[in-house]
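Colleague:
In the numbering used here, the protein residues as written are 8 to 269.
(1) Hey, how far is the Cα of residue 91 from the Cα of residue 111?
(2) Assess contact between the segment 75-88 and the segment 128-137, defined as three or more Cβ pairs (one per stretch) separated by less than 8 angstroms. Is contact present?
(3) Among 53, 49 and 42, which has the Cα closest to the Cα of residue 215?
(4) Since residue 231 contacts residue 144 with CB under 8 angstroms, what's their CB separation in whole angstroms?
(5) For the pair the segment 37-51 and the segment 79-89, tell me if three or more CB-CB distances fall below 8 angstroms.
(6) Please identify the residue among 103, 69, 99 and 41 whose C-alpha is closest to the C-alpha of residue 51.
(7) In its own chain, which residues sit with a C-beta less than 6 angstroms from the C-beta of residue 249, not counting the 5 before and 5 after it?
(8) Is residue 145 helix, strand or coil by DSSP?
(9) Taking the straight line between their C-alpha atoms, what separation do you get for residue 71 and residue 123?
(10) Just the C-alpha distance for residue 127 and residue 113, rounded to the nearest angstrom, thanks.
(11) Taking only the alpha-carbon atoms, compute the straight-line gap between residue 244 and residue 40 and give it to the nearest angstrom.
(12) State the start and end residues of the unbroken beta strand (DSSP E) segment that holds residue 271.
(13) Helix, strand or coil for residue 222? Go by DSSP, reduced to three states.
(14) Could you name the residues of the same chain whose beta carbon sits closer than 7 angstroms to that of residue 55, not counting the 5 residues immediately before and after it, in chain order?
(15) Excluding sequence positions up to five away, which residues of its chain have a Cβ less than 7 angstroms from the Cβ of residue 220?
(16) Would you mind working out which of 222, 116 and 109 sits nearest residue 101, comparing C-alpha positions?
(17) So, at 7 angstroms on beta carbons, what are the nonlocal neighbours of residue 120 in its own chain, with the 5 sequence-adjacent residues on each side left out?
(18) My output table needs one value for residue 180: the three-state DSSP class, helix, strand or coil.
(19) When burial is assigned at 16 or more other CB atoms within 10 Å of the CB, is residue 150 buried or exposed?
(20) Return the CA-CA distance between residue 63 and residue 169, expressed in angstroms with no decimal places.
(21) What does DSSP give as the partner residue(s) for residue 140 in the beta ladder?
(22) When the distance is taken between beta carbons, is residue 256 closer than 8 angstroms to residue 229?
(23) Is the beta carbon of residue 141 sitting closer than 8 angstroms to the one on residue 49?
(24) Quick check: residue 252 and residue 212, are their CB atoms within less than 8 angstroms of each other?
(25) Please tell me whether, using a cut-off of 7 angstroms, the distance from the CB of residue 224 to the nearest non-hydrogen atom of the ligand ADP is below it.
(26) Could you pull the start and end residues of the alpha helix (DSSP H) that residue 53 belongs to?
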């Protein structure tokens, strides 16, 4: 029987004839490796493509792997096969296109491969499991364009708000000056106290999303899709508890016929 040998080296991520800097060969922005026994948390923007999830750890990827097979299980605990939204390659790489709230959850891949003892030529099958917890962030379509391609959208937004505050303050100050010096007493009196115009930050998330520093410590300021067992009906930053919710991104708590009493 023909034996398949796979060597996943850094060369796979570089175009022929293009020299790749060592620091970007395994860029976690585009490719995310698994870690045995340690679920990787990934945050995908709404309607964007997920990073490429690799069914292998970084250490193993630099070695020769004999007869590898890959089995992906999705959030619904069913075997994943490639379709128009989910792309799975022959080398065990998975990418989800146009990510939506219901696609959030646990993606698990089991890698099976063979090892051969040099002394006895005895074959042994090794299995490794890699878990990826994928969540979604609610950025509306076109948010990048609104920030002129800036890497820090929040920074640009805050700057624009402060600029708007300063212009409104100047408007009220000039109007107060005009009213004060106008001898036509039919105009209403207007008084303006300098530096009295303030901007207050209102922290909010869209319905179905919230912030949870404990669950999402590496994305504490992010609005993240509410997990099963929680919901958010309004723009509050907290996902409320609801045991009857079984989906991600719930905006309401279904009423249960069963009553719970102390």
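All C-beta atoms, glycine included, are put in the ideal place defined by N, C-alpha and C.
Being a predicted model, the structure only gives us computed values, none of them experimental.
Modeller: In brief:
(1) Going by the C-alpha atoms only, they are around 17 angstroms apart.
(2) Verdict: no, contact absent.
(3) With distances taken between CA atoms, residue 215 lies nearest to 53 out of 53, 49 and 42.
(4) With 8 angstroms as the limit, residue 231 and residue 144 qualify as a contact, their Cβ atoms being about 6 angstroms apart.
(5) Contact between the segment 37-51 and the segment 79-89 is absent: fewer than three C-beta pairs spanning the two stretches fall below 8 angstroms.
(6) That would be 103, whose Cα lies nearest to the Cα of residue 51.
(7) Exclusion of the five residues before and after residue 249 leaves 238 and 260 as the residues of its chain whose Cβ lies within less than 6 angstroms of its Cβ.
(8) Residue 145 sits in coil when the DSSP states are folded into three classes, being neither helix nor strand.
(9) In a straight line, the C-alpha of residue 71 is about 12 angstroms away from that of residue 123.
(10) Those two C-alpha atoms are separated by around 40 angstroms.
(11) The straight-line gap from Cα to Cα measures roughly 31 angstroms.
(12) Within the shown structure, residues of the chain are numbered from 8 to 269, placing residue 271 beyond reach of any answer.
(13) Residue state for residue 222 is assigned as coil, using DSSP reduced to three classes.
(14) So the qualifying residues of the chain are 106.
(15) Around residue 220: 227.
(16) Ranking the options by Cα distance to residue 101, first place goes to 116.
(17) Cβ neighbours of residue 120 beyond the five flanking positions: 72, 73, 74, 75 and 133.
(18) Shown here, residue 180 sits in a helix according to DSSP, grouped into three states.
(19) The predicted model places residue 150 with a pLDDT of 49, which falls under 50 and marks its position as unreliable; any figure quoted below should be read in that light. Classified as exposed, residue 150 has fewer than 16 neighbouring CB atoms from the shown chains inside 10 Å of its CB.
(20) Between residue 63 and residue 169, the C-alpha separation is close to 47 angstroms.
(21) DSSP output for residue 140 lists 48 and 113 as bridge partner(s).
(22) Taking 8 angstroms as the Cβ cut-off, residue 229 and residue 256 do not qualify as a contacting pair.
(23) Yes.
(24) Not closer than 8 angstroms, so no.
(25) In terms of ligand content, the structure shown is empty, and the ligand ADP therefore cannot be addressed.
(26) Looking at the DSSP string, residue 53 is not in any alpha helix (DSSP H), and its letter there is neither H nor E.
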